[in-house]
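So for the sequence shown, our numbering puts the first residue at -11; every next one is plus one. What follows is a short report on a single structure.
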Amino acid sequence: MQLSPYDSEHFPEIREGVRRLCAEFPGEYWRELDVRREYPTAFVKALTDAGYLSVLIPEEYGGSGLGLSAAAAILETIQAEGCNGGACHAQMYIMGSILRHGSEEQKQAYLPKIATGELRLQAFGVTEPTSGTDTTALRTVAVRDGDDYVVNGQKIWTSRAEHSDLMLLLARTTPKDQAAKKTDGLSTFIVDMKKALADGSLTIRPIRTMMNHATTEVFFDNMRIPAANLLGEEGKGFRYILSGMNAERTLIAAECVGDAKWFIRKSADYANERHVFGRAIGQNQGISFPIARAYANMRAAELMVHEAARLYEAGQPNGAEANMAKMLAADASVEAGNVCIQTHGGFGFAEEYDVERKFRETRLYQVAPISTNLILSFLAEHVLGMPRSY
Ligand SMILES: Cc1cc2nc3c(=O)[nH]c(=O)nc-3n(C[C@H](O)[C@H](O)[C@H](O)COP(=O)(O)OP(=O)(O)OC[C@H]3O[C@@H](n4cnc5c(N)ncnc54)[C@H](O)[C@@H]3O)c2cc1C
């Protein structure tokens, strides 16, 4: 069942290749890892070897130099096939910070190795336990000492830290009360995590969560970073992080559209197969209408994802569209997941149907990487001109 014209018309070869790869990783694979909260190493290796995680890296640095919509098609297809790109999606886009703000030397040093997978840059250290969404209140400090910066502090929800060689870290280099604006004085660093782990200045503690997400908390204890690993200019890190967010939001939104497609297909199939009271349950409008509504909402969100990617690729501002795409797609996937559980009745809760697993996985996107309230707040203030709510 084709759920959208995009499924066959938008990067058809890439989508077909991803579908074939995902077929090697069926529900059993994900279920077993889910029980043990184990990282999907074989799946990530297959995606890396096939070049899907390096599509956004320009050809001159060893990637395929494709745009955001190609990356979105890859991530959407992974989710629509029942797999989970959350284990490695950041390898696709964190490198964008180096690409946009790094020196030529840094690009040459990192991007070709990220393209081959020799270096994994998929840990993103922004959120802290005390600051939450209020990023400028973060407390991790980086103090210049000769040719190094010395970092002390803590991050939380640093996903994939145990499966990454490098981390993009946001830390305060100028105390907030000495910075002209609260968004000034934050700097972005490329951290060699393997080295810091080896010398004991970095500690990683896994956090067991409701889904298999490889997220952690990390602690910095006099961790030294060479000054050469500062990205761009000292004090401008907050701007660099913001500049990558619209791409990230568009890609996460594409993943949610993929999840919604998986739930809708699964729901419609089951509604046709399952017979109760002598007829298919899909004959009851109480079953078919919620699936149809979830479908309509998924298609609307899908259009917004394409609009956000189109604007991004045209070099136009897409903050509102990327945020709306993220919110609408996350809402569509949760709605479709909820409908899918309801359609399956008791079996919706049984692990072997994968519905409950996918539902737990897609629920995250109401909160991360940006929660729905903060998106509404952005739209109210920046698009509709209402007062700032925080
Ligand atoms: C599994 C997982 C993986 C993650 N991975 C990463 C990662 O790799 N790197 C990273 O840096 N972070 C990561 N995060 C962190 C994630 O981005 C944050 O959890 C998210 O941005 C919300 O921040 P918070 O948890 O601190 O919530 P808080 O800021 O404490 O907010 C709590 C609630 O209050 C609401 N709220 C707060 N302020 C307002 C306001 N002014 N108006 C209305 N509502 C408000 C929020 O919307 C939220 O619902 C991850 C989180 C999870 C759960």
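From the three backbone atoms N, C-alpha and C, an ideal C-beta is built for every residue, glycine too.
In this chain, G173 is not harboured by any alpha helix (DSSP H), its DSSP state being neither H nor E.
Taking 8 Å as the cut-off, the beta carbon of T360 is found no closer than this to the beta carbon of G246. Between the segment 364 to 373 and the segment 308 to 317, the count of Cβ pairs shorter than 8 Å is three or higher; the stretches touch.
By the beta-carbon neighbour count (other beta carbons within 10 angstroms, threshold 16), D342 is buried.
Taking C-alpha positions only, Q354 is separated from R127 by approximately 25 Å.
Partner residues in the beta bridge of E205, as assigned by DSSP, are I144, R193. Across the set L154, A310, A167, the C-alpha of L154 shows the shortest separation from the C-alpha of K183. Closer than 7 Å to some heavy atom of ligand 1: that does not describe the Cβ of Y27.
Not one heavy atom of ligand 1 lies closer than 7 Å to the C-beta of Y98. At least one heavy atom of ligand 1 lies closer than 7 Å to the C-beta of S147. The three-state reading of DSSP puts M374 in coil, since its state is none of H, G, I, E or B. Per DSSP, Q304 is not a residue of any beta strand (DSSP E), being assigned neither H nor E. Distances between the C-beta of F112 and the heavy atoms of ligand 1 include at least one below 7 Å. Contact annotation, A308 with V371: C-beta distance approximately 5 Å; criterion of less than 8 Å satisfied. Cβ contact annotation for S377 (same chain, cutoff 6 Å, sequence separation greater than five): S365, in chain order. For I213, DSSP records a beta bridge to Y137. Contact between F112 and I82 is confirmed by a C-beta separation of about 6 Å, below the 8 Å threshold. Q271 and H332 have their C-alpha atoms roughly 14 Å apart.
When C-beta atoms of the segment 162 to 176 are compared with those of the segment 200 to 215, fewer than three pairs fall below 8 Å, so the two segments do not count as touching. Scanning D133, D37, V264, L63 for the CA closest to the CA of G51 turns up D37. Taking C-beta atoms as the reference points, E205 and I144 count as a pair closer than 8 Å.
For G113, the three-state secondary structure derived from DSSP is strand. Beta-bridge analysis with DSSP links H263 to A268. By alpha-carbon distance to E48, the top candidate from K170, I275, S(-8), E92 is E92. The segment 238 to 257 makes no contact with the segment 115 to 123, as fewer than three CB pairs between them are under 8 Å. Shortest gap from the CB of N285 to any heavy atom of ligand 1: 7 Å or more. Less than 8 Å divides the Cβ of A75 from the Cβ of F31.
In the assembly as shown, N200 is a buried residue. Its beta-carbon has 16 or more other beta-carbons within 10 Å. Two segments are said to touch when three or more pairs of C-beta atoms, one from each, lie closer than 8 Å; by this definition the segment 172 to 180 touches the segment 217 to 224. For L239, the CB contacts under 8 Å within the same chain, skipping 5 residues up- and downstream, are L56, A59, A60, L63, H77, M80, Y81 in chain order. Note on geometry: alpha-carbon atoms of T171 and A368 lie some 21 Å from one another.
If you draw a straight line from the Cα of L190 to the Cα of G141, it comes to about 10 Å. For Y228, the Cβ stays outside the 7 Å cut-off from all heavy atoms of ligand 1.
Residue nearest to K224 within the set P28, A167, I329 is A167 (criterion: CA-CA distance). Here the alpha carbons of D122 and L9 stand approximately 39 Å from one another.
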